[in-house]
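First the structure, in the form of structure tokens, and then the observations on it.
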Amino acid sequence: MAAGLGVLLFAVVVAHLTAGESPVAPGEVVKVLFGRPSPDELVVGTLRLPRMTVGLLAGAALGAAGALIQTVARNPLASPEIIGVTHGAAALTVGAMTFGLTSFDVLPWLSVTGGLAAAFLVHVFAWRGGLQAGRFVLIGIGFSVALRSVTQLFLTKGDQFAAQQAQVWLTGSLNGRGFDQAGPLAVALLALLPCAVWAARAQRNVTLDDDTATALGVRLGRVRLGLVGIGVALASVATGAAGPIDFVALLAPQIARRLTRAAQLPLLSSALVGACMVVLGDLLARTLFAPTELPVGVLTAAVGAPFLIRLIVRAGGGRRASSGDGGTRAGRRRTPGLLRIRHPRDPHHPRRSGAAL
-8 MAAGLGVLLF AVVVAHLTAG ESPVAPGEVV KVLFGRPSPD ELVVGTLRLP
42 RMTVGLLAGA ALGAAGALIQ TVARNPLASP EIIGVTHGAA ALTVGAMTFG
92 LTSFDVLPWL SVTGGLAAAF LVHVFAWRGG LQAGRFVLIG IGFSVALRSV
142 TQLFLTKGDQ FAAQQAQVWL TGSLNGRGFD QAGPLAVALL ALLPCAVWAA
192 RAQRNVTLDD DTATALGVRL GRVRLGLVGI GVALASVATG AAGPIDFVAL
242 LAPQIARRLT RAAQLPLLSS ALVGACMVVL GDLLARTLFA PTELPVGVLT
292 AAVGAPFLIR LIVRAGGGRR ASSGDGGTRA GRRRTPGLLR IRHPRDPHHP
342 RRSGAAL
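Numbers -8 to 348, taken from the numbering used here, label the letters of the sequence shown in order.
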């Protein structure tokens, strides 16, 4: 399936480089991609390829980040934009932009700092003898709201011209993005690649309960912390390079899981689906209302918001079904429990069943 997604991604890349105000034949696009001379090298190689590269790398980073965080949390709602990571990265970046720091070489690293700080605070406030997935998501949602308010405060109090630039960045637009932004993103991805390979192997251990993991000599606490750290770093650096592109990290792992029919969230397939989503979304954003361009974040939000509502509605339906069966143990097991927090004395509490992070 990963090979098929790779072929699909290549087709989407060619379509992205082909379409536009000056259409280019697919054959000429392929020539440019493989370094052969072409009369359309200026349009493809200079104007469209850098923008597409940023979208591809950012989408892959977001897809992989979503897969890692959702695997650890065992919760499809635990994506970077839901638990506050993206908003932490955005708040620090917007604060720097509105108060005079506009270097695109520095902004991605500020985003990483903001995302890691937000994830650390969510972890601290959600920790109570363990980190239960439902509490983790709820605390993350609260931090997302608070950090969004901080971002709006920066936009209001900072330099107005810089605030306008920051507002455009906040929409998740790839307009004007180039190799200057793709460079730091590529460096970060290459630096995290060995960690991602380790993470793909470690994912198998994360699904074990605590007793089994201890018997096998697996230190789940460190493994889970490492997976979350990699996911937060990937999401933050993608946000710094392309702006907050919402719901890619939420959707990509779930789409990849349904395509591969895997028991666990596939890391590589999630990255490929995320890259396809952003590149295809940017293609539609450029062409649907041409010559007006929409931010790619607008399209991903339009697709992702109904999916998020569907997840929450399904969770509510599961809770109603559980309450209608007399509160039996079987009923509790059927409840999806996206946001449910169990009492420590409950035999299904994470500290007893191994579902804590």
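Glycine included, every Cβ here is placed at the ideal spot set by N, Cα and C.
Asked	Found
Continuous alpha helix (DSSP H) assignments of at least 4 residues falling wholly in the segment 146 to 189	151 to 161
Whole-angstrom distance between G212 and V5, CA atom to CA atom	43 Å
The segment 73 to 92 touching the segment 141 to 154, judged by at least three CB pairs closer than 8 Å	yes
Boundaries (first-last residue) of the alpha helix (DSSP H) holding F116	98 to 117
Cβ shell of K148 (< 8 Å), same chain only, five flanking positions each side left out	T89
Pairwise C-alpha distance: V269 and A10	15 Å
Reduced DSSP category for F127 - H, G, I as helix; E, B as strand; rest coil	helix
For G(-3), three-class secondary structure by DSSP	helix
DSSP-derived helix/strand/coil call for V15	coil
A182 versus L161 - alpha carbon distance	26 Å
Assigned exposure category for V(-2) - 16 Cβ within 10 Å defines buried	exposed
Contained alpha helix (DSSP H) runs [length at least 4] in the segment 210 to 258, N- to C-terminal order	211 to 233, 239 to 251
Outcome for G18 when other beta-carbon atoms lying within 10 angstroms are tallied against a minimum of 16	exposed
Sequence-distant residues of its chain with Cβ nearer than 7 Å to A292 (five each side left out)	D237, F238
Contact set for L47: own chain, Cβ-Cβ below 8 Å, skip 5 residues either direction	L0, V4, A266, V269, V270
Whether V45 touches A173 by CB criterion (9 Å)	yes
S436 classed as buried or exposed, judged by whether at least 16 other C-beta atoms fall within 10 angstroms	What the structure shows of the chain is the stretch from -8 to 348, and residue 436 is not part of that stretch, so it cannot be assessed.
At least three beta-carbon pairs within less than 8 Å, the segment 23 to 41 to the segment 54 to 62	no
CA-to-CA distance, F25 to V76, given in whole angstroms	37 Å
At least three beta-carbon pairs within less than 8 Å, the segment 132 to 139 to the segment 66 to 82	yes
Straight-line Cα distance separating L285 from E12	15 Å
Spatial neighbours of L275 in its chain, beta-carbon cut-off 7 Å, leaving aside the 5 residues before and after	L290
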